[in-house]
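One point on numbering: in our numbering, the residue at position 53 of the sequence shown is 54, and numbering is uninterrupted.
Here a beta-carbon is modelled for each residue, glycine too, at the ideal position from N, C-alpha and C.
Computed from a predicted model, the values in this text were never measured in an experiment.
Written out below as structure tokens is the structure these notes cover.
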Amino acid sequence: MTTALGALFDRPRESRERIITAMRHRLFPLPDRGSSFFIHLSELCPVACEHCMYSSDLNRKSTKDSLSPDELDAAIGFIDESRSEKLNITGGGEPFLKFRSVLRLLERVNVPRIEIVTAGYWGTSEKRTERLLRRMDEALLRNPYRPVAMLRLSIDRYHIDAPRPVRIEHYGTITRVWRRLSPGFGLGFRSIQPDMDVVDKALAAELGATIEPVNEWNRSVVMDDGRVLPITFNVFRLSGKAAALRDDLSAESQTIKEYYAPYESGSNRLTLATKVNDAIRGTYAASTGVAVTMDSDGTFWIFGGTAPDRRLTFNGQSFTAAMTHFFADPITHLLVEEGLWYLADLVDILDPATHAAALGKNDVAALVEDLLAPEDVRLAVTLLAARWAVARGRVSFPGDLWIQEIAEGTDDLAARCATAIREGRRHGTAA
Ligand code: SF4
């Protein structure tokens, strides 16, 4: 049996494809709606922070760095169809480089809540800031679905000291203009845990405001007119450019294990793939839908729920078609149901070095991709996930008796896969 299993690891990519092709669903309803939808409008960013998890600056990393207007309209149709509970315009780079796309989303998308994350590099003058905030406000007013929206400014030492810095005065300018205009969207901030009690105090001094504690990682900046600006301090991540930082601030940050412990839905069960991300309120609310991330090149996947080789490129497909594709992979079943730590614990058995490197980044957004980067590990997890799904009556492998036999087995499959990975690497058959 060990030898037979080892044969699958001779060609891990083909073997994984074989499992996916053979898998048939039994009465299992696919998710028919979204939870959090993350859209990245640009991979570029003029600020170029030294700690950027996306390694963003103004150098293109791919041939396609943003969606065309037509593609964005199609993506809005996809978001609407997903009936997501929240749209996060964020990440990958600076969304305000695609300000027209921001406006298009604000005026058209049908979701209850929208959060727009920006570095606020554009807050260099009151005039410019007022023009941008007014246009956002007008776009939101045109939206017939009346979503509740919030603009969140990223503020930390790296933004303030970046090659094109966002100074405390810029955050002050944006806040003062926002207060004067009183637009139909809120204003908040997000930062990193090592800068707690530093940037919030500097911001309060700039605004003549006071700081109120909310909970362990949230503060309120209370202005003299009583308005409250939330500020959330996220964990310090070592992904992207931060991996090469000289000033590693990890000791001043929680680990992702600690930070996400309150959001677990059971012991060691962190299913971010089905959560609505509302970090600014200190919650990750449960949802019946799945979280989706769409990159600026149109690639999309279930957040924390899709293996790296299973991502899709958006070409106008329906939400149902996308879910059918993602859930054809047993790994998606496992991640959506059991969550990130379950996968991490499996990989710790299969390949401790990959596990340590992935956890060491302290970044949940990169975790699945990093844990499943080696093809042999991905195959092993596919086999284990197939067994998990068969045991729950979700799937079967009627046309492939060998895979069905492995999936129905009761032996220690994780240990056997770990041996197969070690032997395969010793013989140079997989990486
Ligand atoms: S502002 Fe945000 S996207 Fe831009 S470089 Fe800094 S961290 Fe990255």
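Judged by DSSP in its simplified three-state form, R427 adopts helix. In this structure, H160 has its CB closer than 7 Å to one or more heavy atoms of the ligand SF4. Under the Cβ criterion (8 Å, minimum of three pairs), the segment 397-417 counts as touching the segment 371-389.
Counting the other CB atoms within 10 Å of its CB gives E339 a total of 16 or more, which places it among the buried residues. Residue environment: A49 is assigned as buried (16 or more neighbouring CB atoms within 10 Å of its CB, all protein chains considered). In the three-state DSSP reduction, Y285 falls in the strand class (E or B). Residue state for F97 is assigned as helix, using DSSP reduced to three classes.
The Cβ-Cβ distance between M295 and A76 falls below 8 Å.
Residue range R114 to T119 is occupied by the beta strand (DSSP E) that includes I115. When distances are taken from the beta-carbon of Y55 to the heavy atoms of the ligand SF4, the shortest one is below 7 Å.
For E51, no alpha helix (DSSP H) segment is defined, and its DSSP state is neither H nor E. For D298, there is no enclosing alpha helix (DSSP H), as DSSP gives it neither H nor E.
Here N89 is buried, its C-beta having at least 16 other C-beta atoms within 10 Å. Put simply, the backbone Cα of C46 is about 15 Å away from that of I117. N316 is classed as exposed because its beta carbon has fewer than 16 other beta carbons within 10 Å across all chains shown. The C-alpha of P164 lies about 35 Å from the C-alpha of T307.
Residue pairing from DSSP leaves R14 without any beta-bridge partner. Here G93 is near S43, since their CB atoms are less than 8 Å apart. Judged by their CB atoms, L373 and L414 are not nearer to each other than the 8 Å cut-off. Going by DSSP, V222 is part of no alpha helix (DSSP H) but of the beta strand (DSSP E) stretching over N219 to V223.
Residue P195 holds the alpha-carbon nearest to the alpha-carbon of Q255 among E213, N269, P195 and A244. V178 sits close to L134, with the two beta carbons spaced by under 8 Å. In the three-state reduction of the DSSP assignment, A374 falls in the coil class, being assigned neither a helical nor a strand state. The closest heavy atom of the ligand SF4 lies 7 Å or more from the beta carbon of E86. One Cα belongs to P96, the other to W123, and the distance between them is close to 11 Å.
E15 and R427 have their alpha carbons spaced roughly 20 Å apart. The continuous alpha helix (DSSP H) containing I169 extends over residues I169 to L182. Assignment of D66 by DSSP, reduced to helix, strand and coil, places it in the coil class. Selection T289, T272 and K62 evaluated against L336 yields T272 as nearest (Cα-Cα). DSSP places R311 in the helix class (H, G or I) of the three-state scheme. Residue environment analysis places A421 among the buried positions, since at least 16 neighbouring C-beta atoms fall within 10 angstroms of its C-beta.
Counting along the chain, no alpha helix (DSSP H) covers M151; the unbroken beta strand (DSSP E) around it starts and ends at V149 to S155. In the displayed model, F39 falls within a strand according to three-state DSSP.
The three-state reading of DSSP puts K258 in helix, counting H, G and I together.
Under the DSSP assignment, L133 falls in the alpha helix (DSSP H) whose first and last residues are E127 to R143.
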